[in-house]
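Asks: Quick note: the numbering used here has the sequence shown finishing at residue 125, numbered continuously throughout. Every residue gets a Cβ at the ideal spot worked out from N, C-alpha and C, and that includes glycine. Everything numeric in this text was worked out from a predicted model, so none of it was measured. This structure is in structure tokens; I'll ask about it shortly.
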Amino acid sequence: METGKHILCRQPPTYGNLITILSIDGGGIRGIIPAVALAFLESELQKLDGEEARLADYFDVIAGTSTGGLVTAMLTAPNKKRRPLFAAKDIQAFYMNHAPRIFPQLR
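Okay, here's the thing in structure tokens:
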């Protein structure tokens, strides 16, 4: 690492021994429901802490099952600067664009 260059990595707030966990349920295409709720939560946090705030900055652990795991991956996958690659607001559009291929209708 070059000297003089620092990467800003936010750590979740520490409250004694408290560990913050975000658990996201599965449910196929219904994963769009938590995506909408998480986008709202992240937008409210951005009002407090700035546009670069991401949900991953506020939780020690983010986990999900099935489609919740997909949402988790989008919220936590790092970019080259080690910041979340996607904002929560990106998830809804992802589902709308890719849901037919990810969750095909069985007839």
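Might you give, ordered along the chain, the residues of its own chain that have their beta carbon closer than 7 Å to the beta carbon of F77, omitting 5 neighbours on each side?
Replies: So the list reads P30, T38, I39, L40, once near-sequence residues are dropped.
Asks: Could you tell me the boundaries of the alpha helix (DSSP H) in which S41 lies?
Replies: Here S41 belongs to no alpha helix (DSSP H); instead the beta strand (DSSP E) covers 39 to 42.
Asks: In the DSSP assignment, find the unbroken beta strand (DSSP E) run with I47 in it and report its ends.
Replies: Careful: I47 lies outside any beta strand (DSSP E) and carries neither H nor E.
Asks: Would A106 count as contacting chain D if we go by Cβ distances under 8 Å?
Replies: Among the chains in the structure shown there is no chain D, since it carries only a single protein chain.
Asks: Tell me the rounded alpha-carbon separation between G22 and A106.
Replies: The predicted position of G22 is uncertain, since its pLDDT is 49 and thus under 50; a value taken from the coordinates is nonetheless stated next. Roughly 31 Å between the two C-alpha positions.
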